Structures are given as structure tokens and as C-alpha cells.
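Participant:
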Amino acid sequence: MRIPCPLCGLRDRREFYYYGSDDYLHRPGEGAAPEAWDAYLHLRDNPAGVTRDLWYHETGCTSWLVVTRNTVTHEILGAELVAGEGQGKPAPKGRRKAS
Amino acid sequence: MADLIAKSALAGHAPLTLAGVTLSEIALDPITSIAPFSGQDAAVAKALGLVLPAPNRFAEAKGARLVWTGRGQYFLIGSPTPKGLAGIAALTDQSDGWAALRLDGPGTEAALARIVPVDIRLAAFPEGAALRTAFNHMNAVLMRTGAQTVDILVFRSMARTAWHEVEAAMTALAARQRLT
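Going line by line, the protein sequences match chains U and P.
The numbering of the first sequence is the numbering used here, which starts it at 81 and goes up by one.
The numbering of the second sequence is the numbering used here, which starts it at 8 and goes up by one.
(1) Rounded to a whole number of angstroms, what is the C-alpha to C-alpha distance between GLU110 (chain U) and TYR104 (chain U)?
(2) The alpha helix (DSSP H) that contains ARG91 (chain U), what's its start and end?
(3) Terminal residues of the continuous alpha helix (DSSP H) containing TYR104 (chain U)?
(4) Going by Cα to Cα distance, which pick from P:SER45, P:GLN80 and P:ALA130 is closest to GLU116 (chain P)?
(5) Let me check understanding here. Comparing Cα to Cα, which of P:PRO22, P:ALA175 and P:LEU98 lies closest to GLU32 (chain P)?
(6) Taking ARG94 (chain U) as the query, report the chain P residues whose CB atoms sit under 7 Å from its CB, ordered along the chain.
(7) Does DSSP put ARG124 (chain U) in a helix, a strand or coil?
(8) Given a limit of 7 Å on CB to CB distance, which residues of the region 137-158 of chain U reach chain P?
(9) Using a Cβ-Cβ distance under 8 Å, would PRO89 (chain P) count as near chain U?
(10) Can you give me the Cβ contacts of GLY168 (chain U) inside the same chain, cut-off strictly under 6 Å, excluding the 5 residues immediately before and after it?
(11) Run the CB neighbour count on ALA182 (chain P), radius 10 Å, all protein chains shown included, and call it buried at 16 or more, exposed below.
(12) Is GLY77 (chain P) close to chain U, meaning its C-beta is less than 8 Å from at least one C-beta of that chain?
(13) Tell me whether the region 146-161 of chain U and the region 143-161 of chain P touch, counting them as touching only if at least three CB pairs, one residue from each stretch, are closer than 8 Å.
(14) Which of the three DSSP states is assigned to LEU57 (chain P) in this structure?
(15) Residues in the same chain with beta-carbon distance under 7 Å from ALA18 (chain P), minus the five sequence neighbours each way, listed in chain order, please.
(16) Any idea what DSSP makes of PRO84 (chain U), helix, strand or coil?
(17) Chain P partners of LEU87 (chain U), CB-CB under 7 Å?
(18) Taking 8 Å as the CB-CB limit, is ARG91 (chain U) close to chain P?
(19) How many Å lie between ALA97 (chain P) and ILE12 (chain P) at the Cα?
(20) Mind checking VAL130 (chain U): buried by the 16 CB within 10 Å criterion, or exposed?
(21) Going straight from the alpha carbon of PHE132 (chain P) to that of ARG64 (chain P), what length do you get?
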């Protein structure tokens, strides 16, 4: 299994650490109802099909990634950086000179 | 203050040649980690007088090497701690934190192929390329400095383990060569 890291390129699964569903990115706001916190912390779907989860590129660029994959076919459909621009994410093409 | 004797991480390991590869310790220091603050990439490049390398690349200029080592992080190697970066980047002196190895010779790729889970052939890992990857169970920075030369940084505490594992790969290659 290989994951296409947006920074490093296609890399072996051994370089990554699995964290869990990307629900962790959707933290309830301050003062949210207890039900929202309960869902955030404990309720997870278990889809047969496309799922999005968090992986850490532990021995690579140390980025957190959202990986889209299919739990039935084991196909990896894509990977994006969790960090936004300005947090070390490369600028769009044309704005940074290649070395 | 007493004048202390600095020892390299692998002091006492003479270069080893087996199966067309020479493994040796090299001096890559000082090392300063530079992490530009949000939106300050251009200002940092200007202050350094160097172009920040794209991911998976390193650049050499004025006797210094600037290496991409992760998201928003670069290692400046072989140059004193740069001035003029206060307030625009986080700097850390890492000179004593790393051990540097060099693999040189026609068997370099065959030896590395037994250790790292990436394609390290010249076409995929050309001169000027830098990789962060797994070196067996260790974290490492690989730099392709020549057609048959790769420089490797590993955590200093793992220097002898890294040496041992490269030596094991070279020994296995040499054994195979004796059979054919």
C-alpha cells in the first residue's frame, strides 16, 4: 500500500502513522452541546466504501494528511495536507522558484 | 574554559569498501534548522541570500548547503548560524544532533535499496534531490550529491546502528557477488 504524500510523492505505508477518522478535524465550537462533543469524541461511521482519515507522515515530511481511500477495494483515492497555506504549505505553482 | 577534544559520532570507524561501495563518515556541520514563520518564506530567502529549495530538493551556494527537510523546514549546512532572521524564522542549532555518512561507488543504489522504502535509482532520485524517509527503523535525510554518491544524516544516537545496517547490506551484496 502506498500513499501519495502531497510533498514527498508516492511513499510506502511504513512511513506513515494512522490516527483515525477525519472527524477529529471538525472540533465543536466553544459552548457546543454535550451531544456534539459526544459525537466528536466517540461516534464514528464504519463505511464499506470511501472513507477519509488522518495519517501522519512520520518518517517523511512530518505532515498530517487527510487520505481518501476505499475500504472495500483498498484503493487510495488521494491525500491532502491538513495544514493551510502559510503554515509551511508550498505556495501554488509559479509563486515559488524551483531550485 | 578548557579546550575540549571534539569527537565525531563515528570516530574510530575507518572507511569500509565492499561490493563496489565505500561507506565513510563525513563532516557535515554546522547544521542549523530554519523554520520560516507563516508567510515569511520570501523574507527568509532574502535574508539568507539563497533560494529556498522546493520539497525533496537541496541547493548549494557559497560553500553552504540548504536542504528541504520537511514541511516548512530547512537545514543550513556548512555555514555559521545566519544573521537577520530574528522575528521571521525559528532557528535551532542541530550540529551535534546528527551523524553524517556517505555511500560512494557503483554499488551505492543496490546497498541503499536494501534499507530505504523509496526508489533511489538516479532517474527517481537525481543529483540535487533530498529525501526524508525511513532508514530501516530510523529517520534519515538522504541527499544525492553525485551520480554514485549519497550523503545520509541520521540521529547521532543511532550512528553506530546506521553504520551496522549499511555494513550488513554491503556484506550481503558482496556475498551474492561471490556466488555469480
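A virtual CB, placed ideally from N, CA and C, is assigned to each residue, including glycine.
Computed from a predicted structure; not experimentally measured.
Facilitator: In this structure, then:
(1) Position 30 of the first sequence, counted from the start, is the residue given in the question as residue 110 (chain U). Position 24 of the first sequence, counted from the start, is the residue given in the question as residue 104 (chain U). Whole-angstrom Cα-Cα distance: 15 Å.
(2) For the purposes of this step, residue 91 (chain U) is identified with residue 11 of the first sequence, where counting begins at 1. Run containing ARG91 (chain U): none in the alpha helix (DSSP H); it sits in the beta strand (DSSP E), 89-92.
(3) Translated into the one-based positions of the first sequence, residue 104 (chain U) becomes position 24. Taken as a continuous stretch (DSSP letters only), TYR104 (chain U) belongs to no alpha helix (DSSP H), as it is neither H nor E.
(4) Taking the first residue of the second sequence as position 1, residue 116 (chain P) is located at position 109. It is P:ALA130 whose Cα lies nearest to the Cα of GLU116 (chain P).
(5) Position 25 of the second sequence, counted from the start, is the residue given in the question as residue 32 (chain P). When only C-alpha atoms are compared, the closest one is P:PRO22.
(6) For the purposes of this step, residue 94 (chain U) is taken as residue 14 along the first sequence, with counting starting at 1. Annotation: Cβ neighbours of ARG94 (chain U) in chain P (cutoff 7 Å, chain order): PRO124 and ALA141.
(7) If you number the first sequence from 1, residue 124 (chain U) lands on position 44. In this structure, ARG124 (chain U) counts as coil in the three-state DSSP scheme.
(8) THR139, GLY140, CYS141, THR142 and SER143
(9) What you label residue 89 (chain P) is simply residue 82 of the second sequence in a count that begins at 1. Cβ-Cβ to chain U under 8 Å: no for PRO89 (chain P).
(10) Along the first sequence, one-based indexing puts residue 168 (chain U) at 88. With a pLDDT of 49 at GLY168 (chain U), under the threshold of 50, the predicted position of this residue should be treated as unreliable, and no value is reported.
(11) As a first step, residue 182 (chain P) must be located in the second sequence, where it is residue number 175. Exposed, because fewer than 16 other Cβ atoms sit within 10 Å of the Cβ of ALA182 (chain P).
(12) As a position in the second sequence, residue 77 (chain P) is number 70, starting the count at 1. Chain U, which has a Cβ nearer than 8 Å to the Cβ of GLY77 (chain P), makes this yes.
(13) no
(14) Here residue 57 (chain P) refers to the residue found at position 50 when the second sequence is read from its first residue. Correct three-state label for LEU57 (chain P): coil.
(15) As a first step, residue 18 (chain P) must be located in the second sequence, where it is residue number 11. Hits under 7 Å: none found.
(16) Within the first sequence, the letter at position 4 stands for residue 84 (chain U). Note: PRO84 (chain U) maps to strand in three-state DSSP.
(17) In the first sequence, counting from the first residue as 1, residue 87 (chain U) sits at position 7. Those are PRO62 and ARG78, listed as they occur along chain P.
(18) Taking the first sequence and counting its residues from 1, one reaches residue 91 (chain U) at position 11. Yes, contact with chain P.
(19) Start at 1 with the first residue of the second sequence, and residue 97 (chain P) comes out as number 90. Start at 1 with the first residue of the second sequence, and residue 12 (chain P) comes out as number 5. Taking the straight line from one Cα to the other gives about 30 Å.
(20) Along the first sequence, one-based indexing puts residue 130 (chain U) at 50. Its Cβ having fewer than 16 others within 10 Å, VAL130 (chain U) is exposed.
(21) Reading the second sequence from its first residue, position 125 is the one you call residue 132 (chain P). Reading the second sequence from its first residue, position 57 is the one you call residue 64 (chain P). Looking at the two C-alpha atoms, the distance is approximately 10 Å.
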